[in-house]
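Numbering (the numbering used here), first residue to last: 3 to 63.
Yeah, the Cβ is synthetic: ideal placement off N, Cα and C, and Gly gets one too.
To start, the structure under review is shown below, and the notes come after it.
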């Protein structure tokens with residue numbers, strides 16, 4: 003299983019490769035961009051819930 007950071011790195015490299023080769027019309031550009039967006043949202047959602055949990059633990063103590 004890969005981490006979210008590794009997944010983002012892979013997607014960024016794939017997207018940059020397509021863009022640098024001038025393949026902007028390639029449907030993969032949109033697909034990879036959407037997957038990257040979903041992964042970023044997943045990361046911030048996970049981070050936010052972790053911070054909420056830590057905050058709640060501090061309040062309880």
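Buried or exposed for residue i, please, with buried defined as at least 16 other CB atoms from any protein chain shown within 10 angstroms of its CB.
i	result
residue 30	exposed
residue 32	exposed
residue 34	buried
By Cβ distance, which residues of its chain are closer than 7 angstroms to residue i, with the 5 residues on each side in sequence left out?
i	result
residue 2	The structure shown does not extend to residue 2, since the chain is modelled only from 3 through 63, so no value can be given for it.
residue 16	34
Return helix, strand or coil for residue i, following the three-state DSSP convention.
i	result
residue 18	helix
residue 26	coil
residue 5	coil
Identify, in the order they occur along the chain, each residue of the same chain with its Cβ nearer than 6 angstroms to the Cβ of residue i, setting aside the five sequence neighbours on each side.
i	result
residue 45	6
Residues in its own chain within less than 8 angstroms of residue i by CB, not counting five upstream and five downstream?
i	result
residue 43	none
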